[in-house]
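A.B. asks: One structure follows; several queries about it will come next.
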Amino acid sequence: MARAVGSIGDQQWAAATATSVSHAVLLNSLCLHCDEPLRVTNRSWAVRVGGRYLDRLNDRYLCPECSDVQRQDEEREREQSLRAARAEAERKRLKAEEEARTVAAFLAGEQAKDGSTSHLPYRRPTALALYLVLVNHAVHNPGKPLPSVADLGALGWTGDTERDTEALFDMYRAHLIAISSETPRQAFDISDEDGELRFFATELKWRLVGGGPMVTAHERAVRTHFMTAPGQEAHDDRQALAELVDRMEVINVISYLDGLLTKKYDYPAVPEGRRQELADVVRKGFAAGFTPGQMICFAWRAADSAAAWKERNAHMGPPEASSGTVTILNSKIDTAIEVHHAVPEYDPPRWHQQPVGLAVLRQLDAEVKRVRDRSVISACAQCDHQGLRETDTGALVRCVHTAAVPEQPEAQEYPAEA
Ligand SMILES: [Zn+2]
Ligand SMILES: [Zn+2]
Numbered sequence: 001m002a003r004a005v006g007s008i009g010d011q012q013w014a015a016a017t018a019t020s021v022s023h024a025v026l027l028n029s030l031c032l033h034c035d036e037p038l039r040v041t042n043r044s045w046a047v048r049v050g051g052r053y054l055d056r057l058n059d060r061y062l063c064p065e066c067s068d069v070q071r072q073d074e075e076r077e078r079e080q081s082l083r084a085a086r087a088e089a090e091r092k093r094l095k096a097e098e099e100a101r102t103v104a105a106f107l108a109g110e111q112a113k114d115g116s117t118s119h120l121p122y123r124r125p126t127a128l129a130l131y132l133v134l135v136n137h138a139v140h141n142p143g144k145p146l147p148s149v150a151d152l153g154a155l156g157w158t159g160d161t162e163r164d165t166e167a168l169f170d171m172y173r174a175h176l177i178a179i180s181s182e183t184p185r186q187a188f189d190i191s192d193e194d195g196e197l198r199f200f201a202t203e204l205k206w207r208l209v210g211g212g213p214m215v216t217a218h219e220r221a222v223r224t225h226f227m228t229a230p231g232q233e234a235h236d237d238r239q240a241l242a243e244l245v246d247r248m249e250v251i252n253v254i255s256y257l258d259g260l261l262t263k264k265y266d267y268p269a270v271p272e273g274r275r276q277e278l279a280d281v282v283r284k285g286f287a288a289g290f291t292p293g294q295m296i297c298f299a300w301r302a303a304d305s306a307a308a309w310k311e312r313n314a315h316m317g318p319p320e321a322s323s324g325t326v327t328i329l330n331s332k333i334d335t336a337i338e339v340h341h342a343v344p345e346y347d348p349p350r351w352h353q354q355p356v357g358l359a360v361l362r363q364l365d366a367e368v369k370r371v372r373d374r375s376v377i378s379a380c381a382q383c384d385h386q387g388l389r390e391t392d393t394g395a396l397v398r399c400v401h402t403a404a405v406p407e408q409p410e411a412q413e414y415p416a417e418a
């Protein structure tokens with residue numbers, strides 16, 4: 001068998017011989033696995049394995065037998081992992097199909113809701129009020145699902161996406177709205193543990209349940225409840241509506257001021273440490289009777305003054321200017337209250353996105369307040385000094401004084417069920 005290269009003679013000669021015979025045995029180069037000397041079939045391999053003088057210790061190569069075994073092992077492993085990957089892909093495909101069926105079945109159930117079990121969620125004033133907002137939105141966006149809270153941007157319907165979500169689910173439980181079949185798949189999640197369908201509430205798109213006449217009837221009932229319903233509960237709901245609108249107005253002015261600072265002046269928003277104070281200042285302005293348009297004007301002037309003040313003071317940075325708007329806004333409002341300035345009303349600019357439900361709820365709140373307004377009551381010929389009038393049947397009901405004010409247009413077309 002193999003002989004030591006040295007025993008054959010000169011190493012140069014051995015290397016040369018290795019090219020001429022079928023194989024040479026490199027006695028100094030042992031297989032990494034079995035320690036047998038490596039055999040090579042030509043000179044270039046011999047040099048590659050053993051170095052120029054065929055005396056290099058092998059740290060890389062295997063003998064052909066060990067190579068075969070290793071190749072087979074590797075092949076087996078490759079096949080195994082390929083099989084595992086195919087099985088995993090198949091499992092995932094089946095799971096995705098199963099999940100798609102679950103979601104489709106759920107959405108079909110939502111689609112089947114026809115309003116036969118709908119009711120108004122009295123004592124849930126935010127939900128009741130938001131229903132009118134959704135109806136208004138549906139009227140102006142026919143054929144489209146109602147957007148998800150996430151679709152609406154940071155201020156959502158009411159300036160607080162948690163409040164929105166809670167109100168939406170109150171309406172959902174009352175079967176006034178259902179989840180739209182246009183809700184994207186990512187809004188749903190199916191638990192690996194129990195297979196239960198879950199959803200991400202802010203990702204859900206919605207639809208109004210029931211056809212046009214039913215929606216109109218609900219809408220009228222909600223308006224009537226807020227405007228004229230007697231009793232403590234309706235009174236509390238009116239109070240809650242007024243507070244909701246107040247909060248939305250405050251959020252709206254603050255978000256306008258932040259937008260001015262960040263978008264127009266490239267300053268940071270009003271700093272965290274002063275936001276409570278800012279909210280108090282804005283609330284004070286509304287409490288003093290300034291309108292939303294006047295408050296927008298104050299905010300504009302406060303940012304403008306803060307920017308001018310920063311220009312005059314080189315050491316003032318943008319954060320100081322943003323913080324300064326709170327102080328300036330406060331003093332502008334105080335001054336206006338004190339000297340009864342005429343303050344113009346500004347429309348918020350187009351870049352400013354107010355809470356989507358603000359316009360509708362502001363109007364509803366104004367209508368509700370008008371019904372109980374002393375001066376409107378005394379100017380109305382149809383009711384007594386408490387704003388009550390007698391019906392044909394002799395019952396006393398709250399008057400909405402429509403003779404003095406043109407009635408709201410009611411002939412709106414509602415879209416068929418989306
Ligand atoms: Zn070997
Ligand atoms: Zn009246």
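full-length UniProt numbering puts the first residue of the sequence shown at 1, with every later residue one more than the last.
Backbone N, C-alpha and C fix where the C-beta goes; we use that ideal spot for every residue, glycine too.
The structure displayed is predicted, hence computed values, not measured ones.
Report yes if the CB atom of K205 is closer than 8 Å to the CB atom of T228, and no otherwise.
C.D. replies: Result no, Cβ atoms of K205 and T228 do not sit closer than 8 Å.
A.B. asks: Shorter than 7 Å, the distance from the beta carbon of E77 to the closest heavy atom of ligand 4, or not?
C.D. replies: In the structure on display, ligand 4 does not appear, and the ligands it does have are ligand 1 and ligand 2.
A.B. asks: Could you spell out the range, first to last residue, of the beta strand (DSSP E) harbouring R56?
C.D. replies: From DSSP, R56 is part of no beta strand (DSSP E); its letter is neither H nor E.
A.B. asks: Determine, using beta carbons only, whether P268 and P348 come nearer to each other than 8 Å.
C.D. replies: It is not a contact, given that the beta carbons lie outside the stated cut-off.
A.B. asks: According to DSSP, is P344 helix, strand or coil?
C.D. replies: Of the three classes helix, strand and coil, the one that applies to P344 here is coil, per DSSP.
A.B. asks: Pair every Cβ in the stretch 157-175 with every Cβ in the stretch 73-92, then say whether three or more of these pairs are closer than 8 Å.
C.D. replies: Judged by Cβ distances under 8 Å, the stretch 157-175 makes no contact with the stretch 73-92, as fewer than three pairs qualify.
A.B. asks: Distance, Cα to Cα, R91 vs L62?
C.D. replies: About 40 Å.
A.B. asks: Ligand 1 and Q62: does the residue's C-beta get closer than 7 Å to at least one heavy atom of that ligand?
C.D. replies: Sequence check: residue 62 is Leu here, not Gln. It does: the Cβ of L62 is within 7 Å (strictly closer) of some heavy atom of ligand 1.
A.B. asks: For R60 and L32, I'd like the C-alpha separation in whole angstroms.
C.D. replies: Roughly 7 Å separates the two Cα atoms.
A.B. asks: Cβ of G387 versus every heavy atom of ligand 2: is any distance shorter than 7 Å?
C.D. replies: Checking every heavy atom of ligand 2 against the Cβ of G387, one is found closer than 7 Å.
A.B. asks: Using a Cβ-Cβ cutoff of less than 7 Å, which residues in the same chain neighbour V400 once the five nearest sequence positions on both sides are dropped?
C.D. replies: Excluding residues within five positions, the ones whose Cβ falls inside 7 Å are M227, T228, V371.
A.B. asks: Rounded to a whole number of angstroms, what is the C-alpha to C-alpha distance between E114 and F106?
C.D. replies: Looking at the sequence shown, residue 114 is not Glu but Asp. Taking the straight line joining both Cα atoms gives about 15 Å.
A.B. asks: Quick one: is T325 buried, meaning 16 or more other Cβ sit within 10 Å of its Cβ, or exposed?
C.D. replies: So T325 ends up on the buried side.
A.B. asks: Please determine whether the Cβ atom of E65 lies at a distance below 7 Å from any heavy atom of ligand 1.
C.D. replies: Within the cutoff, so yes.
A.B. asks: Entirely within the stretch 278-358 and at least 4 residues each: give me those alpha helix (DSSP H) ranges in chain order.
C.D. replies: Whole alpha helix (DSSP H) segments, 4+ residues: 292-312, 318-339.
A.B. asks: When you compare the CB positions of residue 456 and I177, do they come within less than 8 Å of one another, or not?
C.D. replies: The structure shown does not extend to residue 456, since the chain is modelled only from 1 through 418, so no value can be given for it.
A.B. asks: Out of M248, K284, I254, state which residue places its alpha-carbon closest to the alpha-carbon of T161.
C.D. replies: Cα-wise, what sits closest to T161 is M248.
A.B. asks: Would you report the Cα separation of A18 and E75, rounded to the nearest angstrom?
C.D. replies: Low confidence applies to A18: its pLDDT is 47, below 50, so where it sits in the model is not reliable, and the reading given next is rough at best. In a straight line, the C-alpha of A18 is about 32 Å away from that of E75.
A.B. asks: Starting from N28, trace the beta strand (DSSP E) both ways and give me its first and last residue.
C.D. replies: That run of the beta strand (DSSP E) goes 24-30.
A.B. asks: Taking 7 Å as the cut-off, does the CB of C297 come closer than this to any heavy atom belonging to ligand 2?
C.D. replies: Every heavy atom of ligand 2 is 7 Å or more from the Cβ of C297, so no.
A.B. asks: Name all residues in chain order for which at least one heavy atom of ligand 2 lies closer than 5 Å to the residue's CB.
C.D. replies: This criterion selects C380, Q382, C383, C399, H401.
A.B. asks: Using a threshold of 7 Å, is the CB atom of H33 nearer than that to any non-hydrogen atom of ligand 1?
C.D. replies: Indeed, a heavy atom of ligand 1 lies less than 7 Å from the Cβ.
A.B. asks: Helix, strand or coil for L155, going by three-state DSSP, please let me know.
C.D. replies: If DSSP states are grouped into helix, strand and coil, L155 belongs with coil.
A.B. asks: State the Cα-Cα distance for the pair Q363 and A108, rounded to the nearest angstrom.
C.D. replies: Their backbone Cα atoms lie some 36 Å apart in a straight line.
A.B. asks: Taking the alpha carbon of Q186 as the point to measure from, which residue in A100, L257, T117, I254 has its own alpha carbon closest?
C.D. replies: It is A100 whose Cα lies nearest to the Cα of Q186.
A.B. asks: Got a sec, what are the start and stop residues for the beta strand (DSSP E) A178 sits in?
C.D. replies: Element bounds for A178: 177-179.
A.B. asks: Let me check understanding here. Comparing Cα to Cα, which of A24, A307, V133, L358 lies closest to T216?
C.D. replies: When each option's Cα is compared against that of T216, the closest is V133.
A.B. asks: Work out the CA separation of G289 and R374 for me, nearest whole Å.
C.D. replies: If I take the Cα positions, the gap works out to 17 Å.
A.B. asks: Which term fits N141, buried or exposed, when burial requires 16 or more other beta carbons within 10 angstroms of its beta carbon?
C.D. replies: Counting Cβ neighbours within 10 Å, N141 comes out exposed, since fewer than 16 surround it.
A.B. asks: Please report the Cβ distance between R39 and A24, rounded to the nearest whole angstrom; I am assuming they are in contact, meaning their Cβ atoms lie under 8 Å.
C.D. replies: 7 Å between Cβ atoms; contact.
A.B. asks: Is DSSP giving V376 helix, strand or coil here?
C.D. replies: Here V376 sits in helix by DSSP.
A.B. asks: Does the stretch 323-340 come into contact with the stretch 377-387, if we say contact requires no fewer than three beta-carbon pairs (one atom in each stretch) closer than 8 Å?
C.D. replies: In short, these stretches do not touch, since the Cβ pair count stays below three.
A.B. asks: Classify D189 as helix, strand or coil using the three-state DSSP reduction.
C.D. replies: In the structure shown, D189 sits in a strand (DSSP, three-state: E or B).
A.B. asks: Tell me, which residues are paired with F199 by DSSP?
C.D. replies: DSSP, once it has assigned bridges, lists F188 as partnering F199.
A.B. asks: What are the boundary residues of the beta strand (DSSP E) that includes V40?
C.D. replies: Element bounds for V40: 37-40.
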